[in-house]
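Have a look at the structure below before the remarks.
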Amino acid sequence: MTDREPREPADLHDAALRDRAVAAARGDAPFDVLIADGEVLDTVTGERRAVDVGLVGPLIASVHPRGTRHDAAARVDARRRVVCPGLIDSHMHVESSMVTPATYAEAVLARGVTTIVWDPHEFGNVHGLDGVEWALRACEALSLRVILLAPSCVPSAPGLERSGATFDGEDIGRLLARPGIGGVAEVMNMRGTIERREPMRGVVQAGLRSGKPVLGHARGLAGADLAAFMAAGIASDHELVSGEDLLAKLRAGLWIELRGSHDHLLPELADALLALGHLPSTLTLCTDDVFPDDLARAGGLDDVLRRLRRRGLPADWCVRAATLNAALRHARHDLGVVAAGRRADLVVFDDLETFRAGEVFASGRRVAEHGRTVIGQRAIDTAPLERSVHGGPLVADDFRVPASGRRVKLATIDRPRFTRHAERAADVRDGTVVKPADATLIAVLHRHAVTDASPARPTVGYLTGWGDWRGAFCTSVSHDSHNLTAFGGTERDLAAAMNAVIGLQGGLAVAVDGRVVASLALPLSGLVSAAPLAEVADGFAAVRDALDAVIDWAPPYLVFKACFGATLACNDGPHQTDLGLADVARGAPLPSPVLAVLEP
507 MTDREPREPA DLHDAALRDR AVAAARGDAP FDVLIADGEV LDTVTGERRA VDVGLVGPLI
567 ASVHPRGTRH DAAARVDARR RVVCPGLIDS HMHVESSMVT PATYAEAVLA RGVTTIVWDP
627 HEFGNVHGLD GVEWALRACE ALSLRVILLA PSCVPSAPGL ERSGATFDGE DIGRLLARPG
687 IGGVAEVMNM RGTIERREPM RGVVQAGLRS GKPVLGHARG LAGADLAAFM AAGIASDHEL
747 VSGEDLLAKL RAGLWIELRG SHDHLLPELA DALLALGHLP STLTLCTDDV FPDDLARAGG
807 LDDVLRRLRR RGLPADWCVR AATLNAALRH ARHDLGVVAA GRRADLVVFD DLETFRAGEV
867 FASGRRVAEH GRTVIGQRAI DTAPLERSVH GGPLVADDFR VPASGRRVKL ATIDRPRFTR
927 HAERAADVRD GTVVKPADAT LIAVLHRHAV TDASPARPTV GYLTGWGDWR GAFCTSVSHD
987 SHNLTAFGGT ERDLAAAMNA VIGLQGGLAV AVDGRVVASL ALPLSGLVSA APLAEVADGF
1047 AAVRDALDAV IDWAPPYLVF KACFGATLAC NDGPHQTDLG LADVARGAPL PSPVLAVLEP
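Residue numbers for the sequence shown follow the working numbering, beginning at 507 and rising by one.
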């Protein structure tokens, strides 16, 4: 797109385009494309109608009775399959799939997703404004429509963690002034927003002044806290924890982005909607985070639709949530409906159970057919994302916690995901803490090039309720500041795994007995790879398989995914960060987990 070309949706207002579409609709000129012999799912009424669809350029010119028109430059035989609007993923992070935007676009376009609402806060936390600028340029090269958002929380918990940059209200205001930025991304710093602290006060106010949507992250908020969060200007949430939480937030007036990344919750959420008896107009669907092997095997938003159908949600509800409701949420009135005058973003599904896509159109161009893209997605230069991991080398002693006396009291982090404070007594040997038998080591190393010197050593803490680790795992994908985070049973294994990730310039590594047994390189921002999706998916699966031999998972909370969110300090409860043990409710982080000497 050049500076002279109007941006969407203004591109549809071209008079010559409308002239051609009107003429074709009247029957005075042929269509460019006729999608014939299909059934259109009406996302307004829920009906399936035997109609044909005529396209002129990026516009739908006509939706008319089946077989009444045959004049078109090209014909697509839908063969009684179902024609739907292109799917809209209402909240997601490309970086979570560990591939570039071009690779991601090829994967989801072929499955019927034509629009994504992307929060690039991973790139923002690593590279600052330059990371968001890179994401903007990457979006312009794609057939996939991207509504890019301004990351609200860089870092997500100021004062409790450090990332590679810091955004304030002025930074967000400048981003929102860009026509390519569609709103403020999920506001994760809930406590800072509720208490009207800077920088969150300025960030949210910048969003309100722009007139663009301000998206939320309201995990666990209820009552006065939820009301305060919304009163600040937050309008949506995807962090649902139960069916009752879903209904409470719908009743409160939030837009809901019901996500597929927590599959264990989908039955309860579907049951709550079925009991309600109708689909609220303020409910949309999203993926949030999709690992690369899941993206390659199962897909993106199309997979969420399949899983909701298996939980009993009516097909028209699923499609409407993923199309019309999402379009209304983002004031994209050109999307979400198969109707004359709307944008020709269309997908022909084999049926509304498998949601297997045949032909896919984006702005009237056929971009995919039979599960494969037919238009290549242009990748842009990735050099600005390279060499982002700093630190090391490390030795086992760097992961030992100094202490005096013979026995000490430790602060520990109990339970994955919904963390809580706990304490353990521990022996001291040779001036360092001996890990309690039921504890897991967690270590976080600041890895960004910032003005103050990176610490020579990681901060180390203790987890309980995380099982018995027979090795270690390290990742540079660590929400949301993406410092290096390692988990394991021994200091030796932590050092081996973290050194491996540093050597890869980012990625994942598993170590057993001081030796790396599996790894995946993610050298772009320490988050993604330029390799093909299949290659990244295979590497990711190999790491996960290796880790399965190190730890016995206990779903739904002690799972592989928990390792990537264990440092998410904006959420309630204790979390380990590069500054120590942090808790939004307690203020400054504890640099050491040693609370007291029990035996001098």
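Yeah, the Cβ is synthetic: ideal placement off N, Cα and C, and Gly gets one too.
Among the bridge pairs identified by DSSP, phenylalanine 537 is matched with Ala578. In the DSSP assignment, glycine 1093 forms a beta bridge with Asp1089. In the structure shown, phenylalanine 629 adopts helical secondary structure according to DSSP, grouped into three states.
With respect to glycine 847, leucine 830 sits apart: the two C-beta atoms are not nearer than 7 Å. Residue environment: serine 787 is assigned as exposed (fewer than 16 neighbouring CB atoms within 10 Å of its CB, all protein chains considered).
Under the DSSP assignment, cysteine 590 falls in the beta strand (DSSP E) whose first and last residues are 588-591. For threonine 609, the enclosing alpha helix (DSSP H) stretches over residues 607-615.
Judged by DSSP in its simplified three-state form, histidine 985 adopts coil rather than helix or strand. With a beta-carbon spacing of about 5 Å, methionine 604 and valine 1034 fall inside the 8 Å limit used to define contacts. Only residues of its own chain outside the window of five on either side were considered, and among them Leu682 have a CB closer than 7 Å to the CB of serine 716, listed in chain order. The continuous alpha helix (DSSP H) containing valine 825 extends over residues 821-828. For secondary structure counted as the beta strand (DSSP E) over 3 or more consecutive residues, the stretch 830-860 holds these complete runs in sequence order: 852-855. Using a Cβ-Cβ distance cut-off of 8 Å, the stretch 1087-1104 and the stretch 1007-1022 are not in contact, since fewer than three pairs of beta carbons, one from each stretch, lie closer than that value. DSSP lists Leu852 and Arg872 as the beta-bridge partner residues of phenylalanine 867.
Counting only the Cα atoms, glycine 637 lies some 9 Å from serine 1031. In this chain, glutamate 701 is not harboured by any beta strand (DSSP E), its DSSP state being neither H nor E. For alanine 850, the closest of Leu561, Glu514 and Arg513 by C-alpha to C-alpha distance is Leu561. In this structure, DSSP gives methionine 736 a helical state, which the three-state scheme calls helix. Counting only the Cα atoms, arginine 953 lies some 31 Å from isoleucine 740. The alpha-carbon of valine 539 is positioned some 38 Å away from that of leucine 779. With a beta-carbon spacing of about 7 Å, threonine 918 and leucine 969 fall inside the 8 Å limit used to define contacts.
Per DSSP, serine 894 is not a residue of any alpha helix (DSSP H), being assigned neither H nor E.
In this structure, the beta-carbon distance from valine 866 to valine 880 does not fall below 7 Å.
Inter-residue distance for alanine 542 and proline 571 is about 10 Å (C-alpha atoms, whole angstroms). Counting C-beta pairs with one atom in each stretch, the stretch 995-1011 and the stretch 595-602 have fewer than three that are closer than 8 Å, which means they do not touch. For phenylalanine 993, there is no enclosing alpha helix (DSSP H); the residue is found in the beta strand (DSSP E) stretching over 990-994. Around the beta carbon of glycine 722, 16 or more other beta carbons lie within 10 angstroms, which makes this residue buried.
The beta strand (DSSP E) runs of length 3 or more contained entirely in the stretch 638-707 are, from start to end of the chain, 651-656 and 687-693.
Nearest to histidine 627 by alpha-carbon distance, out of Ser662, Glu875, Ala1040 and Tyr1063, is Ser662. Distances from the CA of proline 1097 to each of Asp1054, Gly783, Phe1070 and Pro908 were compared; the closest alpha carbon is that of Pro908. With respect to alanine 738, threonine 790 sits apart: the two C-beta atoms are not nearer than 7 Å.
When Ile678, Val600, Leu666 and Asn631 are compared, the shortest CA-CA separation from alanine 644 is found for Val600. Rounded to whole angstroms, valine 710 and phenylalanine 673 show a C-alpha spacing of 12 Å. Cβ atoms of arginine 765 and cysteine 792 come within 8 Å of each other, at about 5 Å. Glutamate 997 and valine 1090 have their alpha carbons spaced roughly 28 Å apart.
Using a Cβ-Cβ distance cut-off of 8 Å, the stretch 972-986 and the stretch 568-587 are not in contact, since fewer than three pairs of beta carbons, one from each stretch, lie closer than that value.
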